[in-house]
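Residue numbers (this note's numbering), protein chains in the order written: chain V, 1 to 827; chain R, 828 to 1099; chain F, 1100 to 1358.
Even glycine gets a Cβ: it sits at the ideal position worked out from N, Cα and C.
Each remark here refers to the structure printed beneath this line.
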């Protein structure tokens, strides 16, 4: 999230589009505190949940229509002049002029200019493969800077284009598409917009409700656009609250346990596009913004990987890095399709349970049956560890050799967890793991060393990197010293570094204080540049682990800078420069965060002036507001301003498309679904999709999590005190639908999709109601996905129902909105 | 949303036998103090019967406890406002009286008899207590019907009297003593007791009003009406009043006893 | 006598997360039970010998078409006048110096009278141990300067712990504020020391009338009728005694004295 959970208490209005209270109950206390201060709380969700129970307004919307909703809000704010004009004009690309050849989806029948209709992709014959973005660019002046119209009136300025694009998103359209009654939509729009702006700020939360769609990335873009339109980013009580999962999803993405990036959000090189380091750095380093420093981070990263073996002569080991053969490969869904097709021989599932937790789980289990070997490292015997015992699999036909390695959970090892507010918190081992149980660190260090032994005699160039990698973290060969690992992540000087006067700034091996000290000449190493600062050397030379600090918040420091370490550089609210105006004064005294103190001591004795305030400035602390770029808060973007116009694979503006499986045709344009959505073709009918408005699958289904259970249930259904909290796996069905189907509360039912079917108990409730979509009654049901065939509390696997389809930028699955049928009894 | 205590047959028997114990003792004591020497069989039977019943009652109570080995813990406190507390104590005290009275009734010594008569007049109080306190114990709970019944104790007491007398007459009959004066007198007393019990039962139901439904119209209703009212009260009274000599005298006594058992059964099992 | 402690459960802050249920189980080392199907997220219909804190879920459709979902973490009320305590013949149920009510597991003999004497149906009989048990108000924790596990874990501070007088004052302020904010159904339950049962030491702020939550509107002390019922029994005893005397009396004088 761009802001901080604690800061939510400063909001004047909070719009939770995700199930905040149920999935982040501890963080949710700050919403309650905001309410105590008079904030209004809106909950937007197809279901009335425990979050809705404490909300002032519940807005039910059909799953898969988030862009229609946000677009409606954007349109409402523009039409009613409720946007924060000064902020928009100066801090965003709203005034920038776009190539006149570019036309929005309003003029393109739902498509933007430049779509290559190859007709090759997926189910929809109109689905193309890619957009050519030739016209998606700024008009430049003589010096190469974007032309601007500060009055926002030029028809080619971003603001006018956006207005035109969202002109279709009227309250009437929102009602027809989302099923939100017009009056309620206007009430909410008014409430949210009127509580945002100069004197008031609003915050919006999201989680997988926005991400798990074929429009996932654009859903989030729409939310961000709304927030900068209203001037809420970088300000107290504002921000975009992305609620990351527990306990360490944020840490996992920061350190890039992902296929497409290297630690610290550096792009993972593509074999053909980035054949050498120079080409890579040229292509991926932007011309402006803080990312111009990318080469320093990349080189430091490779020094962290390969140590002394990485030198300027060998491009710091760039040749040893694995490269991607394609950008359209290697995601979770890609892997399981390839595995099913037989091209993957072995698989290591470390703390992951794809037999239950990934989309199209039946396909995943069948795929694992094609492996030669499978290693599962987990705290219990998960469904994946025993995938051959799944119902419907004949164990004798499975040739896979399966190994199970018991893993130590968090309490049995040292380490850090990075939570949703980018806060790195250290945890210390409480008890030793029993018997042969090992922590992940022990396992991977041990594995790494054994592989190095195995390859020790190799003369091959490509093996040199792995052999050069260091797995030494302390004296105990069995137990890596995790603080040393953290220090490597933080970064350190590979040799003595002196300043221009010869004074020693860093001793050899000393931890770096800031990523600003990273170099691209091999003098620094750093495993994850955004974490730099988490460990620093104290005056006595001992390492201080800031992730382990526990100084609570107080009146002077409500953001609790002394508790843990938030990346980057312990900044708690990102883009906080935007909380002050062009002169460096807070837009409002009520909403002050940082401000320019022109009398404060500067970086040099003769230069005065510094940004001071309640947070670490997310900005060059000594850059005056009237200096060049002193008025540009969005430092991570090349043009330093917030983007309304933001080119992505599926467009520069979010446009509503229906989910791949939808009950209705798209009412906003002729383009039914995302034109570049990824739809996999899988043999043996393992990825059949329901056609639009299918009478065999007439109901919308959404899948979600409960407070009491965790993901695929490994950390909850195996524990007695949590397993007993729900009687059985259930589906939430409205009274109306239950009445139509003759289903009573507590009866067993079958939920079916073209991929599979499950038997669950029907929970008939008032909290789901049918939607009126374009005047037609459309039912929606909800099913949590925590259950599997192992553990204490067992049940069918909800993900057997979902499909292998993905967002075109990140390939995340569409498990939040698809179609199903419901039948009485266990069919 | 209330919880039932899970008292079942052990407690039903306890209530029933406790009622007999109290009723038999009081009958013996009255016969001892106001009757003649010809009632000696009633006296002795009554005291000894009550002593035996008390012994059985004690064991029933202990067995019903969740942790029977801790039955003596009830002797650590005396809470006179708590029916169960006094009940535990009174059972013991009454047992003592029953023992003394029984022992003294076995002796032909006249001085012993005088002492016994005085002792038993005091013992009557504890006898009545044992017969009735279990009803007050039920009406002092939070459960509906039980807590609505102001006359539960009175009803149990009346039933204790009638069943105690019926038990004595049954024993006399079985020991071949049914021709005696004592037998006739105890039968007469039983007749009065049955009438009294019927009166109390009517008042009991009237005061309860709709709260009596578990008894009068629930699944236990057939037992209540058929077992207690008809078999246990109306028929024995009719047989006795109409002087149906062709009916063996033991039959009405048995019916009264069955009715008494059924009364405790339907009341307790309402909240099984 | 120390100052009375209390728990104030403000249901307007409850998000139904059940952390309180789990914390209670964990602290008291209570075993898992077979969950019941109740038609909602609630996993037991009522308190048991192994569930001392129970979160209730009540859906209440409103006349204007909106929905109210009432969430309430229910618990033993630790009544100032406790039916269970009055009923217990062994003295196992006692009141601590903090005003909380506890069942001493070393003394209880399992007679189950307390089980039937709770106006809220809280006390339960444990068939495995042969004793009755219920929420202890985390007796060990409060005697070591800590609050109950449920209060400590509650993420929104819906369950608050402290001195009764301070919490009661807070509760009064809170219900007034809620009424101002438009929660017309907001009301306190068990705060008034002059109210039913002398006030509850675990009291509540409800958003609707008590019967919506399956709570008795006016809970009464079960032992309130002991005197009346006893007097009526005495009356019956006298009457039946008279009939017996009449039946056994010898005509013409006392019968005593005949050999």
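Kindly say whether residue i, judged by its beta-carbon, lies nearer than 8 Å to any beta-carbon of chain R.
i	result
residue 1143 of chain F	no
residue 1352 of chain F	A caution first: residue 1352 of chain F carries a pLDDT of 47, below 50, which makes its placement in the model unreliable, though a value can still be read off. No - not a single Cβ of chain R is within 8 Å of the one on residue 1352 of chain F.
residue 1212 of chain F	yes
residue 1215 of chain F	yes
Just checking: is the beta-carbon of residue i within a distance shorter than 8 Å of some beta-carbon in chain F?
i	result
residue 967 of chain R	yes
residue 816 of chain V	no
residue 29 of chain V	yes
residue 892 of chain R	yes
residue 130 of chain V	no
residue 50 of chain V	yes
residue 235 of chain V	no
Quick one: grab the DSSP three-state call for residue i.
i	result
residue 296 of chain V	helix
residue 1264 of chain F	helix
residue 829 of chain V	Residue 829 of chain V lies beyond the range of chain V shown here (1 to 827); nothing can be said about it.
residue 864 of chain R	helix
residue 696 of chain V	coil
residue 490 of chain V	helix
residue 1002 of chain R	coil
residue 872 of chain R	helix
residue 513 of chain V	coil
residue 635 of chain V	coil
residue 482 of chain V	helix
residue 831 of chain R	coil
residue 945 of chain R	helix
Quick check: is the beta carbon of residue i nearer than 8 Å to any beta carbon in chain V?
i	result
residue 1182 of chain F	no
residue 1283 of chain F	no
With distances taken between CB atoms, is the gap from residue i to residue j smaller than 8 Å?
i	j	result
residue 1021 of chain R	residue 1082 of chain R	no
residue 1095 of chain R	residue 839 of chain R	yes
residue 31 of chain V	residue 6 of chain V	no
residue 901 of chain R	residue 1293 of chain F	no
residue 633 of chain V	residue 689 of chain V	no
residue 945 of chain R	residue 1328 of chain F	no
residue 238 of chain V	residue 201 of chain V	yes
residue 848 of chain R	residue 881 of chain R	yes
residue 598 of chain V	residue 613 of chain V	no
Does the ligand PLP have even one heavy atom less than 7 Å from the beta-carbon of residue i?
i	result
residue 173 of chain V	Absence of the ligand PLP from the depicted structure is noted, as is the absence of any ligand whatsoever, leaving it without description.
Exercise. Indicate whether the contact test is met: 3 or more Cβ pairs, each with one atom in the segment 702-714 of chain V and one in the segment 791-804 of chain V, closer than 8 Å.
Key: Three or more Cβ pairs drawn from the segment 702-714 of chain V and the segment 791-804 of chain V lie within less than 8 Å of each other, which places the two stretches in contact.
Quiz item: So, do the segment 892-899 of chain R and the segment 967-986 of chain R have three or more beta carbon pairs nearer to each other than 8 Å?
Solution: no
Quiz item: Does the segment 234-252 of chain V come close enough to the segment 212-219 of chain V that 3 or more CB-CB pairs lie under 8 Å?
Solution: The count of Cβ pairs closer than 8 Å, one atom from the segment 212-219 of chain V and one from the segment 234-252 of chain V, stays below three, leaving the stretches out of contact.
Quiz item: Which whole runs of the beta strand (DSSP E) in the segment 774-804 of chain V are 3 residues long or more, in chain order?
Solution: Within the segment 774-804 of chain V, the complete beta strand (DSSP E) runs of at least 3 residues are 776-778, 780-784.
Quiz item: Is the segment 1169-1184 of chain F touching the segment 1199-1219 of chain F, taking contact as three or more C-beta pairs under 8 Å?
Solution: yes
Practice problem: Any chance you could list the beta strand (DSSP E) runs of at least 3 consecutive residues sitting entirely within the segment 23-55 of chain V, in chain order? | Solution: 40-44
Practice problem: For the segment 697-773 of chain V, list the alpha helix (DSSP H) runs that are entirely contained and at least 4 residues long, ordered along the chain. | Solution: Segments of the alpha helix (DSSP H) lying fully in the segment 697-773 of chain V: 720-723, 735-741.
Quiz item: Hey, is the segment 406-415 of chain V in contact with the segment 550-561 of chain V, meaning 3+ C-beta pairs nearer than 8 Å?
Solution: no
Quiz item: Touching or not, the segment 1153-1170 of chain F and the segment 50-61 of chain V, by the rule of three or more beta carbon pairs under 8 Å?
Solution: The segment 1153-1170 of chain F, when compared against the segment 50-61 of chain V, does touch it at the 8 Å Cβ threshold.
Exercise. Kindly confirm or deny that the segment 1262-1272 of chain F and the segment 1118-1131 of chain F touch, where touching means at least three C-beta pairs closer than 8 Å.
Key: no
Quiz prompt | Touching by the beta-carbon criterion (3+ pairs, under 8 Å), the segment 348-362 of chain V and the segment 300-308 of chain V | solution = At 8 Å Cβ cutoff, the stretches do not touch.
Quiz item: Residue ranges of each alpha helix (DSSP H) run of no fewer than 4 residues wholly in the segment 1262-1349 of chain F, ordered along the chain?
Solution: As far as the segment 1262-1349 of chain F is concerned, its whole alpha helix (DSSP H) runs of at least 4 residues are 1263-1279, 1325-1347.
Quiz item: Hey, which unbroken runs of the alpha helix (DSSP H) at 4 residues or more fall wholly within the segment 1145-1224 of chain F?
Solution: 1182-1186, 1212-1215
Quiz item: Can at least three beta-carbon pairs, one atom from the segment 869-877 of chain R and one from the segment 920-933 of chain R, be found at a separation below 8 Å?
Solution: The segment 869-877 of chain R and the segment 920-933 of chain R touch, with no fewer than 3 CB-CB distances between them shorter than 8 Å.
Exercise. Report yes or no: do three or more beta-carbon pairs, one from the segment 819-827 of chain V and one from the segment 980-1000 of chain R, lie closer than 8 Å?
Key: no
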